[in-house]
Amino acid sequence: GNSVTQMEGPVTLSEEAFLTINCTYTATGYPSLFWYVQYPGEGLQLLLKATKADDKGSNKGFEATYRKETTSFHLEKGSVQVSDSAVYFCALSEDGTSYGKLTFGQGTILTVHP
Amino acid sequence: EAGVAQSPRYKIIEKRQSVAFWCNPISGHATLYWYQQILGQGPKLLIQFQNNGVVDDSQLPKDRFSAERLKGVDSTLKIQPAKLEDSAVYLCASSLEGFWRGGTDTQYFGPGTRLTVL
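The listed protein sequences correspond, in order, to chains L and X. Counting the first sequence from 1 gives a position; our numbering is that position plus 15. Counting the second sequence from 1 gives a position; our numbering is that position plus 112.
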């Protein structure tokens with residue numbers, strides 16, 4: 016079946032540091048890939064997505080590139096802010112018979128200190 | 113545009129009691145999802161509706177969980193009787209036409225209901 020694996024967390028950074036959160040996936044078909052973010056006390060929000068190989072999703076300074084050859088979708092940001100502190104979830108949705116169901120990774124807690 | 117609404121936000125019950133959660137999706141969204149998020153884990157799909165029909169309930173513990181989507185709009189998820197391991201956040205999400213667009217459609221999530229079973 017489908018699965019998503021995220022890097023072990025939590026991650027603690029200083030403001031303006033470079034961020035990478037690793038995400039790899041296993042899927043039998045041609046998935047779309049997503050990063051969702053959950054800020055404290057709020058619901059999950061879509062951060063970015065990519066629907067085919069070599070696509071790059073970007074939003075709010077975050078980027079991730081869909082790499083089919085390495086089955087990866089790593090999240091990066093060049094300079095993090097305190098307001099980026101949140102839980103980040105990598106997810107996939109496979110076309111075909113899954114009808115859009117999302118399979119999530121376990122989440123990575125990011126804490127950014129001033 | 114109003115987002116996905118859920119109620120209640122918090123619920124504490126004793127084991128073996130029953131509980132119900134309500135979800136109102138974004139207007140016009142045909143596909144509705146219920147996910148269970150246990151502390152420290154990613155959300156897991158429980159059931160998916162397309163309009164008022166069930167598309168996928170393969171992960172729903174049907175001996176105790178039930179869900180319905182009346183008139184293809186609001187949805188209710190019920191647990192009866194509750195067990196300790198049902199303590200989790202229950203998330204409702206909707207998408208415009210996820211069923212038809214397969215994996216590419218964006219899902220919009222509500223704030224969730226945090227259930228504690230004592």
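Note that CB positions come from ideal geometry on N, CA and C, so glycine has one too. Keep in mind the model is a prediction, meaning the values are calculated, not measured.
Short check: CB of Phe161/X to CB of Arg176/X, under 7 Å? no
Nearest neighbour of Tyr103/L, chosen from Lys92/L, Gln121/L and Val52/L [CA to CA]: Closest option to Tyr103/L, Cα to Cα, is Val52/L.
If contact means a Cβ-Cβ distance below 7 Å, which residues of the stretch 163-181 of chain X contact chain L? Val167 and Asp168
Status (buried if at least 16 other CB within 10 Å, exposed otherwise) for Gln219/X: buried
For Ser108/L and Phe49/L, believed in contact at Cβ under 8 Å, the rounded distance: 7 Å
Lys183/X in three-state terms, based on DSSP: helix
Select from the stretch 112-129 of chain L all residues with a C-beta closer than 7 Å to any C-beta belonging to chain X, and list them in chain order. Ser113, Tyr114, Gly115, Lys116, Leu117, Phe119, Gly120, Gln121 and Gly122
To the nearest angstrom, report how far apart Lys64/L and Tyr81/L are at their CA atoms. 9 Å
Beta-carbon contacts of Ser87/L that lie in its chain and below 6 Å, excluding the five residues immediately before and after: Thr39
Which complete beta strand (DSSP E) runs does the stretch 32-81 of chain L hold, if anything under 3 residues is left out? Entirely contained in the stretch 32-81 of chain L, the beta strand (DSSP E) runs reaching 3 residues are, in chain order, 34-36, 38-41, 46-53, 59-65, 71-74 and 77-80.
What in chain X is Cβ-close to Phe104/L, meaning under 7 Å? Gly154
Enumerated in chain order, which unbroken segments of the beta strand (DSSP E) with a length of 3 residues or greater are wholly contained in the stretch 132-195 of chain X? 143-149, 156-162, 165-168, 177-181 and 187-191
Taking only three categories from DSSP, how would you classify Glu197/X? helix
Go ahead and label Gln54/X buried or exposed: buried means 16 or more other beta carbons lie within 10 angstroms of its beta carbon, across all protein chains shown. In the structure displayed, chain X extends from 113 to 230; residue 54/X sits before or after that span and is not available.
Is it true that the stretch 188-204 of chain X meets the stretch 121-141 of chain X, where meeting means three or more beta-carbon pairs spaced less than 8 Å apart? yes
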